[in-house]
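Take the sequence shown: its position 143, counting from 1, is numbered 162 in my numbering, and each next residue is one higher. Just so it is clear, CB atoms sit at the ideal spot from N, CA and C, and this is done for glycine as well. Accompanying notes for the structure given below.
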Amino acid sequence: MTMAHATLPMLHITNLGKQYRKLRVLTDVSFDVAPGSVIALLGANGAGKTTTLKCILGVMPFDGAVEVDGISVRKHGKDARRRIGYVPQSAVLNDGDTCREALEFLAELKGAPRSRVDEMLALVNLGEQRDVAVGHLSGGMRQRLALAGALLADPPLLLLDEPTASLDIESRMEFHRLILRLRDEGKTIILSTHFFDHLEELASRVLILDSGRLAFDGSLDELSQRVRGRRYVVNLNGNAPARFMEALSAAGIGPDRVQPAEMRWEELLLAAAPERQKTAEEQA
Numbered sequence: 020m021t022m023a024h025a026t027l028p029m030l031h032i033t034n035l036g037k038q039y040r041k042l043r044v045l046t047d048v049s050f051d052v053a054p055g056s057v058i059a060l061l062g063a064n065g066a067g068k069t070t071t072l073k074c075i076l077g078v079m080p081f082d083g084a085v086e087v088d089g090i091s092v093r094k095h096g097k098d099a100r101r102r103i104g105y106v107p108q109s110a111v112l113n114d115g116d117t118c119r120e121a122l123e124f125l126a127e128l129k130g131a132p133r134s135r136v137d138e139m140l141a142l143v144n145l146g147e148q149r150d151v152a153v154g155h156l157s158g159g160m161r162q163r164l165a166l167a168g169a170l171l172a173d174p175p176l177l178l179l180d181e182p183t184a185s186l187d188i189e190s191r192m193e194f195h196r197l198i199l200r201l202r203d204e205g206k207t208i209i210l211s212t213h214f215f216d217h218l219e220e221l222a223s224r225v226l227i228l229d230s231g232r233l234a235f236d237g238s239l240d241e242l243s244q245r246v247r248g249r250r251y252v253v254n255l256n257g258n259a260p261a262r263f264m265e266a267l268s269a270a271g272i273g274p275d276r277v278q279p280a281e282m283r284w285e286e287l288l289l290a291a292a293p294e295r296q297k298t299a300e301e302q303a
């Protein structure tokens, strides 16, 4: 009789911790990511999202254990990084290179075949811009070029660190479509973001970091159940108020009013982490 082996997680993190001198930025963060899934990593600025991704990459020392596709990042960092594609919020690219030259340089660094260059440019819809200088690209095009670079060596795991933070809504939607395509092709994706729009289409699971601790780990439906019945102040800009009102109306929700305001992460975190709610009530 043979025993069926469970599929290994693409990413396995146990008690991840990070401290800068006396400042503790990550504390006992643990989670697994299944192959082929898209995970949204949420949190306010300074919550520890970027630090978590850098620890996964193995570019800084950390406490705890991180394994990528069964490979220890601490013991075999180079092998683990070969399985990771990384896109930062602002990719560092040589403005004087053409798109093709930029990817050819990255392909050489990664040991990827040059034949992948045109293939990846086509994948991110930059085939017609292959001979355009990087410095002449729009912000959305630069981020798509960075994604093409991250995909050159065909890594199974993608880490996307606020890749659409500085993009307009149209460019953000185009990047989202690429994420969905890559998901359908079997890539495992961790998307660090502070945007909530279209998360239900992109991510099967949400992780929320709060001051370096994992405050929530579950589906969007589970998060919605926790926040149901609460009042929120939502930050809106551009043409967002009209679209927001339409969406609320379609969902049968009537807001008291809509006004520009800072996003209230505190309210979301109180809903996501019941222990924070208790602490807040005790301090009130």
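Exercise for the section: Determine which residues share a DSSP beta bridge with lysine 37 and list them. Expected result: DSSP lists Leu45 as partners of lysine 37.
Handout entry: serine 238 burial status per 10 Å Cβ neighbour count (16 or more: buried)
Key = It is exposed - the Cβ of serine 238 has fewer than 16 other Cβ atoms within 10 Å.
Problem - alanine 299 to leucine 226 span [Cα, whole Å] - result: Confidence in alanine 299 is poor, its pLDDT being 47 and thus under 50, which makes the residue's placement unreliable; the coordinate value appears in the next sentence. Whole-angstrom Cα-Cα distance: 21 Å.
Problem - Beta-carbon contacts of methionine 22 that lie in its chain and below 8 Å, excluding the five residues immediately before and after - result: Confidence in methionine 22 is poor, its pLDDT being 46 and thus under 50, which makes the residue's placement too unreliable to answer from.
Handout entry: Start-to-end residues for the beta strand (DSSP E) that takes in glutamate 86
Key = From DSSP, the beta strand (DSSP E) with glutamate 86 extends over 82–87.
Practice task
Whole angstroms is fine: what's the gap from alanine 222's alpha carbon to phenylalanine 215's?
Solution key: Distance from the CA atom of alanine 222 to the CA atom of phenylalanine 215, rounded to whole angstroms, is 11 Å.
Exercise for the section: Mind checking which residues open and close the beta strand (DSSP E) that includes leucine 61? Expected result: From DSSP, the beta strand (DSSP E) with leucine 61 extends over 57–61.
Practice task
Grab me the residues of glycine 89's own chain with a C-beta within less than 7 Å of its C-beta, minus the 5 sequence neighbours each way, in chain order.
Solution key: If the five residues before and after glycine 89 are omitted, its C-beta is found closer than 7 Å to the C-beta atoms of Leu27, all from its own chain and listed in chain order.
Problem - Residue(s) in a DSSP beta bridge with glycine 237 - result: Beta-bridge pairing links glycine 237 to Val225.
Problem - Proximity of serine 87 and leucine 30 at Cβ, strictly below 7 Å - result: At residue 87 the sequence reads valine, which differs from the serine that was named. Yes, these two residues count as a Cβ contact at 7 Å.
Exercise for the section: Decide if valine 78 is buried, meaning its Cβ has at least 16 other Cβ atoms within 10 Å, or exposed. Expected result: By the 10 Å Cβ count, valine 78 comes out exposed.
Handout entry: Close-in-space but distant-in-sequence residues of the same chain around asparagine 34 (CB under 8 Å, 5 per side omitted)
Key = Asp47, Val48, Ser49, Asp82, Gly83 and Ala84, listed in sequence order.
Practice task
May I ask you to report which of helix, strand or coil DSSP gives aspartate 114?
Solution key: If DSSP states are grouped into helix, strand and coil, aspartate 114 belongs with coil.
Handout entry: Beta-carbon proximity list for serine 185, same chain, < 8 Å, skipping 5 on both sides
Key = If we look at serine 185 and ignore the five residues flanking it on each side, its Cβ neighbours are Gln108, Ser109 and Gly158.
Practice task
With a threshold of 16 other CB atoms inside 10 Å of the CB of glutamine 148, please say whether the residue is buried or exposed.
Solution key: Taking all protein chains shown into account, glutamine 148 has 16 or more neighbouring C-beta atoms within 10 Å of its C-beta and is therefore buried.
Problem - Minimum C-alpha distance to histidine 95 - residue among Ile75, Gly104, Val106 and Arg224 - result: Comparing Cα-Cα distances from histidine 95 to each of Ile75, Gly104, Val106 and Arg224, the minimum goes to Ile75.
Problem - Selection from Ala234, Met192 and Pro174 that minimises the alpha carbon distance to isoleucine 208 - result: Distances from the alpha-carbon of isoleucine 208 to those of Ala234, Met192 and Pro174 put Pro174 closest.
Exercise for the section: Could you have a look at alanine 121 and say whether DSSP puts it in helix, strand or coil? Expected result: Here alanine 121 carries a helix assignment [DSSP, helix/strand/coil].
Problem - Rounded distance between the beta-carbons of cysteine 118 and valine 153, thought under 8 Å - result: Valine 153 to cysteine 118, Cβ: 6 Å. Contact.
Practice task
Check histidine 31 in the structure and name its three-state DSSP category.
Solution key: Three-state DSSP puts histidine 31 in a strand.
Practice task
Pick out the complete beta strand (DSSP E) segments inside the stretch 145–231, 3 residues or longer, and give them in chain order.
Solution key: With a minimum length of 3 residues, the continuous beta strand (DSSP E) runs that stay inside the stretch 145–231 are 176–180, 207–211 and 224–229.
Practice task
Name the residue from Gly168, Lys68, Gly55 and Lys37 whose alpha carbon lies nearest to the alpha carbon of valine 136.
Solution key: That would be Gly168, whose Cα lies nearest to the Cα of valine 136.
Handout entry: Of the residues Lys41, Asp51, Tyr39 and Arg40, the one placed nearest leucine 233, counting alpha carbons only
Key = Comparing Cα positions, the closest option is Asp51.
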